[in-house]
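Residue numbers (the working numbering): 13 to 326. Ideal Cβ placement from N, Cα and C applies to all residues, glycine included. Structure, as structure tokens:
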């Protein structure tokens, strides 16, 4: 049988495959300069949305499927309004920025109404009671959370160059909303922080001698300044105890002190102090703002130190 006319053109084996859906989501999130945490949250919600509908492709779904998914989160998952809205934001990002679909049904999707709750605030005596239960790095971090009004991740991501002992300032880079701000460096913590940095510098110098000492840099700075990742100024104020190897470069890095470790010890410190309030690391920030207002600082000054325009401290 003559099959010459039916012979298909061979497909080149090296033809690049189109990126998978979740890879496209990651690229789109990074193009919008969202934080790594937002990226991971969006990926997790989109995967959950797809698995909820038996792995159907999102391009085949629409308003009904989104509504059923969100309703299930509320009715069966008992998630908070803010969590439900985060899931919705992730799904809308998928359709608008990745699949590039018109959403005529968007107006029919109603965001959950967030409840208004008063923040937990510790008295000055309660703050001291909690701090007295902490030691070493965890005490130093908790003191900065309270004395500088920092969010936990802002404190964990502080770099050496952003602590200014001469002007008693801490510069927060890329805080919530990717905003920079200056806040207070409490006088009570300066001596302990200076000793901590001396020890961190000795550790960094030892890392350098062992062909390590690298730290992750923001944006594309590692390409613009190839050796900046080993400079002391760019090191974390609170480095992790262990070194890891970057999969892409093979360089030996230190991550910053992990926020979950602080959360655990603060929770235990609150328990040991006998305080009945459900205080967390973020409670120090609320207490910082409240105590400044009690001391006569105007609300605008407090808002600037906290890094937001108006309303209660987030």
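Exercise. Is the region 132-144 touching the region 253-273 in the sense that three or more CB pairs, one from each, lie closer than 8 Å?
Worked result: With a cut-off of 8 Å, the region 132-144 and the region 253-273 do not count as touching, because too few Cβ pairs lie within range.
Exercise. Expressed to the nearest angstrom, what Euclidean distance is found between the alpha-carbon atoms of residue 143 and residue 294?
Worked result: Those two C-alpha atoms are separated by around 14 Å.
Problem set entry | Where the alpha helix (DSSP H) containing residue 54 begins and where it ends | 48-64
Exercise. Which partner residues of residue 257 appear in the DSSP bridge assignment?
Worked result: Paired residue(s): 264.
Exercise. What's the gap between the Cα of residue 298 and the Cα of residue 273?
Worked result: 21 Å
Exercise. Excluding the five sequence neighbours on either side, which residues of its own chain have a C-beta within less than 7 Å of the C-beta of residue 105, listed in chain order?
Worked result: The beta carbon of residue 105 lies closer than 7 Å to those of 54 in the same chain, with the five residues before and after it left out.
Exercise. What's the call for residue 68, buried or exposed, on a 16-neighbour Cβ count within 10 Å?
Worked result: exposed
Problem set entry | DSSP state of residue 181 mapped onto helix, strand, coil | Strand at residue 181.
Exercise. Taking just the CA atoms, how far does residue 231 sit from residue 61?
Worked result: Whole-angstrom Cα-Cα distance: 30 Å.
Problem set entry | Cut-off 8 Å between Cβ atoms - residues of its own chain near residue 132, not counting five sequence neighbours on either side | 289, 290, 291, 292, 295 and 298
Exercise. Taking buried to mean at least 16 other C-beta atoms within 10 Å of its own C-beta, is residue 145 buried or exposed?
Worked result: Buried, since its Cβ has 16 or more Cβ neighbours within 10 Å.
For this session: Starting from residue 175, follow its DSSP beta bridges and name the residues at the other end.
Result: 182
Exercise. Is the region 33-43 in contact with the region 106-114, if contact means three or more CB pairs nearer than 8 Å?
Worked result: They touch, by the three-pair rule.
Exercise. So what's residue 154 in DSSP terms, helix, strand or just coil?
Worked result: helix
For this session: Return the chain-ordered list of same chain residues with a C-beta closer than 6 Å to the C-beta of residue 81, the five sequence neighbours on each side being excluded.
Result: 61 and 64, listed in sequence order.
For this session: Would you check if the region 195-204 and the region 220-235 touch, i.e. whether three or more CB-CB distances between them fall below 8 Å?
Result: no
Problem set entry | Where residue 302 sits in the DSSP three-state scheme | Residue 302: helix per DSSP, three-state reduction.
Exercise. Is residue 271 closer than 8 Å to residue 100 when the C-beta atoms are compared?
Worked result: Not in contact: residue 100 and residue 271 (Cβ atoms no closer than 8 Å).
For this session: Specify, as a first and last residue, the run of the alpha helix (DSSP H) that residue 33 falls within.
Result: 33-43
Problem set entry | Beta-carbon separation (whole angstroms), residue 256 vs residue 168, contact threshold 8 Å | Actually they are not in contact, since the Cβ atoms of residue 256 and residue 168 sit about 16 Å apart, beyond 8 Å.
Exercise. DSSP three-state call for residue 68: helix, strand or coil?
Worked result: If DSSP states are grouped into helix, strand and coil, residue 68 belongs with coil.
Exercise. For the alpha helix (DSSP H) that residue 235 lies in, which residues bound it at each end?
Worked result: 233-236
Exercise. By a C-beta neighbour count over all protein chains shown, 10 Å radius and 16 as the cutoff for buried, is residue 311 buried or exposed?
Worked result: exposed
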